[in-house]
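For the sequence shown, numbering that gives the first Met the number 0 gives the first residue as 0, with consecutive numbering after it. A short write-up of the structure that comes next.
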Amino acid sequence: MKCKKKLIIAFPIIAIIVLMYSIKIWSSNGMVGLPKGVCLSQIASKDSTKIMKVYKCNSVLYGDAARVEIYNKETGTSRNILWSINSKNINVKWEDDKLVLINGNEMNVNSSYYVGVE
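Encoded structure:
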């Protein structure tokens, strides 16, 4: 009987820890698994080694959202740097080869990412 009570208490705690760890891994891996969406624009970096792609996404789970992806031509890899729910307008601009301005916020394309609701 005591063993069942311990399991009933321990299981939710373990489930919460696993869920929190999964969210941490998901967010630190560049937001893997987001909807693809419709590409609205593609803007090359000043040195033409990267392309910033802006997508509009619509899904039952998220509603309207925006996603910004950086494609590195040299390595052939992509990295999501922005996922914003309820975004109406996304204004993007390359500052230099590593920095972009998205809606007035400066982001490093190699290390920054943003997940939020507007």
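Backbone N, C-alpha and C define an ideal beta-carbon position, used for all residues, glycine too. Bear in mind that the values here come from a model prediction, so they are computed numbers and not experimental data.
Which residue from the options puts its Cα closest to that of residue i?
i	options	result
residue 106	80, 84 and 57	80
residue 65	98, 103, 76 and 113	113
residue 45	101, 109 and 95	95
residue 93	51, 58 and 76	51
Here's a check: name, in chain order, each residue in its chain whose Cβ is nearer than 6 Å to the Cβ of residue i, leaving out the five neighbours to either side.
i	result
residue 37	55
residue 89	53 and 65
So, is residue i buried or exposed, given that buried needs 16 or more other C-beta atoms within 10 angstroms?
i	result
residue 68	buried
residue 17	exposed
residue 99	buried
Quick check on residue i: does DSSP put it in helix, strand or coil?
i	result
residue 89	coil
residue 17	helix
residue 27	Caution applies to residue 27, whose pLDDT of 49 falls short of 50 and renders its modelled position unreliable; the model cannot decide the point.
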